[in-house]
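Asker: Residue numbers (our numbering): 1168 to 1585. Yeah, the Cβ is synthetic: ideal placement off N, Cα and C, and Gly gets one too. Values in this document were obtained by computation on a predicted structure and should not be read as measured data. Once you've had a glance at the structure underneath, I'll fire off some questions.
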Amino acid sequence: MNAKSQGDQRVHLNSAGLGRMPAAVLEVLTEWTRFEDRYGPYELEERLDDVVNREIHERLAALLGAPSGDTALCTGAADVFAAVLPRLPLGPRDRVWTTPYESAAHLTALFALRARTGCRLDVVPLRPDGDLDLEWMASHAGDDLALVSVTHVPAGCGIVNPVEEIGRILAPHRCLYAVDASYAVGQLPVDVARIGCHLLTGDGWRFLRGPQSVGFAYAAPQLRQALAPHGGLPLMPPHGAAVAALNAALTRLAPVTEDLGARLRAAVENTPGTGLIVPGRVQSGIATFTHEELPAALLRRRLADRGIVVWKTVAQETPLYLPGRGVVTAVRASVHPDNRAEDIELFADALQDAVAEGRPRSAHVPRPPFTAPALHTVPFMPSVSAAVRTPSRRVAGRGHLTLVSDDPSHTSRLQPGA
């Protein structure tokens, strides 16, 4: 069945990229944008004062399991991370951890932090199944560990990282724990108290289905105290109309009633020539895949022609993971609780049709087959080669990428926020 046989209605499977705003949310955004155009920004600020300074924080607090006084509004999760890191009081004796699933935007901020402070930046190794090596984390954590940055759900694949277990491992230590929940909040339960993080960031325009350029952050009292001597939490406030629209979107959150992600992955697996990128034991509602012959851009266009909205993702978005699997580009489909099983059936039929159409005659250069090398092998992308140096050692018998060379000075103690 061709999805276009259903009329002009399209199946939206790109909530991880840009959630489709409900009509009521779009109406709020339009109404307040027109209001500002007519009366000006000061009048808009006055009219939305209660929404911006109280109402939305109460809703965010309920969503995140946080006190409303510990939430803040911003233009996006990556903007918060990039603004906070330069204000952390780190030095050359401190260690920082990230993971192979870190985004390019966060890595850029971490490289800048290392260049400014001389801190040591390590990548937590993966187990053979793709899960983060929690045993390694438990055995290598210490009081010189200053910052740990973990992505709850990465942009480039659907793995759900065990942020709560990591929080329990880090709790006895004096490090700051940052979690990027941009691709998790709205599709998975997120509770900052259970996670035990000091900073949690999210975007409002993905699974929450608000407008673009509005996000939020949870900042624990410990982090606020650490930042206080440096001017506090440095956030760029979003536009008032966008805040009002996100506030409206938060009233329309729906729980997931069935495992649409499993149906989505099954649809891909049942299509000849496709290969899922599914590291780890726990998966979310995001399915990323490649085809052994057809480029991702072509598949995305063909699916769009059949009424299915998906996304093309590129390896540089997750530069420490996707390139190591031989991935240059991939198709990413993602479900929202508002999707139904019928949507997945339409996607499955459309994908089968798109693949059956074959490779265009004008394309003469065959793509290499999809390969999956050992997960601990991390090649270096040109975009980050200047910042990442060759690993200098192996630790505890596991593949472990060290982003700085061994240095005896990396041995002393730090109390973040001191």
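Report back the beta-carbon spacing between ARG1499 and TRP1478 to the nearest angstrom; my notes put them in contact at under 8 Å.
Answerer: Confirmed, about 5 Å.
Asker: Roughly how many angstroms lie between the CA atoms of PHE1374 and LEU1230, to the nearest whole one?
Answerer: Their backbone Cα atoms lie some 13 Å apart in a straight line.
Asker: Which partner residues does ILE1453 have in the DSSP bridge list?
Answerer: Answer by DSSP bridge pairing, in chain order: SER1501.
Asker: So is GLY1589 buried or exposed if we call it buried at 16+ other beta carbons inside 10 Å?
Answerer: Limits of the chain in this structure are 1168 at one end and 1585 at the other, which puts residue 1589 out of reach.
Asker: Should VAL1449 go down as buried or exposed, given a rule of 16 or more other Cβ atoms within 10 Å for buried?
Answerer: Classification for VAL1449: exposed.
Asker: Under a three-way DSSP split, which group does SER1182 fall into?
Answerer: Reduced to three states, the DSSP call for SER1182 is coil.
Asker: Got a sec? Which residues, its chain only, sit under 7 Å from PHE1456 by beta carbon, not counting five neighbours each side?
Answerer: Around PHE1456: VAL1435, THR1441, GLY1442, LEU1443, ILE1444, ALA1497 and VAL1498.
Asker: Let me know if PRO1536 comes out buried or exposed under the rule of 16 or more other beta-carbons within 10 Å of its beta-carbon.
Answerer: Confidence is the limiting factor: at PRO1536 the pLDDT is only 46, short of 50, which leaves the residue's position unreliable, though a coordinate-based value still follows. Looking at its Cβ environment, which holds fewer than 16 other Cβ atoms inside 10 Å, PRO1536 is exposed.
Asker: Between the beta-carbon of GLU1484 and the beta-carbon of ALA1322, is there less than 7 Å?
Answerer: In this structure, ALA1322 lies closer than 7 Å to GLU1484 by Cβ.
Asker: Less than 7 Å between the beta carbons of GLY1407 and LEU1211, yes or no?
Answerer: Yes, they are a contact pair.
Asker: Considering only C-alpha positions, which residue in the set ALA1338, PRO1504 and PRO1267 is nearest to LEU1299?
Answerer: If we check each option's Cα against that of LEU1299, PRO1267 comes out closest.
Asker: Quick one: measure Cβ to Cβ for CYS1286 and GLY1258, integer angstroms, because I've assumed they're closer than 8 Å.
Answerer: Going by Cβ atoms, the distance from CYS1286 to GLY1258 rounds to 7 Å, so yes, they are a contact pair.
Asker: Residues in its own chain within less than 6 Å of SER1550 by CB, not counting five upstream and five downstream?
Answerer: Bear in mind that a pLDDT of 33 at SER1550, under 50, signals an unreliable position, so the number given afterwards is only what the model happens to contain. So the list reads GLN1483, once near-sequence residues are dropped.
Asker: Less than 7 Å separating the beta-carbons of ARG1254 and HIS1365?
Answerer: Cβ distance not < 7 Å, so ARG1254 and HIS1365 don't count as in contact.
Asker: Can you tell which of THR1480, ASP1472, SER1235 and LEU1487 has the C-alpha that lies nearest to the C-alpha of VAL1522?
Answerer: Looking at the Cα atoms, ASP1472 is the closest of the given residues.
Asker: Assign GLU1302 to one of two classes, buried (16 or more other C-beta atoms within 10 Å of its C-beta) or exposed (fewer than that).
Answerer: Looking at its Cβ environment, which holds fewer than 16 other Cβ atoms inside 10 Å, GLU1302 is exposed.
Asker: Are the CB atoms of GLY1377 and LEU1413 within a distance shorter than 7 Å?
Answerer: Against a cut-off of 7 Å, the Cβ pair of GLY1377 and LEU1413 comes out as a contact.
Asker: From ARG1226 to GLY1309, what distance separates their C-alpha atoms?
Answerer: Near 36 Å, if we compare the C-alpha coordinates of GLY1309 and ARG1226.
Asker: Please go through the stretch 1181–1260 and give each complete beta strand (DSSP E) segment of 3 or more residues, from N-terminal end onward.
Answerer: Fully enclosed beta strand (DSSP E) runs of 3 or longer: 1238–1241.
Asker: In whole angstroms, give me the CA-to-CA distance for ILE1326 and THR1200.
Answerer: Each residue's Cα considered, the two are about 37 Å apart.
Asker: Mind checking who TRP1264 pairs with in its DSSP beta bridge?
Answerer: For TRP1264, which the question treats as bridged, DSSP gives the partners ASP1289 and VAL1315.
Asker: Would you report the Cα separation of VAL1290 and LEU1487, rounded to the nearest angstrom?
Answerer: Rounded to whole angstroms, VAL1290 to LEU1487 spans 9 Å at the Cα level.
Asker: Just mark GLN1176 as buried or exposed, buried being the case when its beta carbon has 16 or more other beta carbons within 10 Å.
Answerer: Answer is exposed; the Cβ neighbour count stays below 16.
Asker: Tell me, to the nearest whole angstrom, how far the beta carbon of GLY1369 is from that of ALA1183; I am working on the premise that it is less than 8 Å.
Answerer: Going by Cβ atoms, the distance from GLY1369 to ALA1183 rounds to 13 Å, so no, they are not a contact pair.
Asker: Just to confirm before moving on: does the CB-CB distance between ALA1411 and VAL1195 stay below 7 Å?
Answerer: Contact: yes.
Asker: Please identify the residue among HIS1458, ASP1510, VAL1494 and THR1480 whose C-alpha is closest to the C-alpha of GLY1474.
Answerer: Comparing Cα-Cα distances from GLY1474 to each of HIS1458, ASP1510, VAL1494 and THR1480, the minimum goes to ASP1510.
Asker: Say the cut is 6 Å; is the CB of ARG1287 nearer than that to a heavy atom of the ligand SAM?
Answerer: With respect to small molecules bound, the structure shown includes none, and the ligand SAM cannot be examined in it.
Asker: Where does TRP1372 fall in DSSP's three states?
Answerer: TRP1372: coil per DSSP, three-state reduction.
Asker: State buried or exposed for ASP1296, treating a residue as buried only when at least 16 other CB atoms are found within 10 Å of its CB.
Answerer: That one is exposed.
Asker: In whole angstroms, give me the CA-to-CA distance for ALA1541 and PRO1490.
Answerer: With a pLDDT of 34 at ALA1541, under the threshold of 50, the modelled position of this residue cannot be trusted; read the value that follows with caution. For ALA1541 and PRO1490, the distance between alpha carbons rounds to 12 Å.
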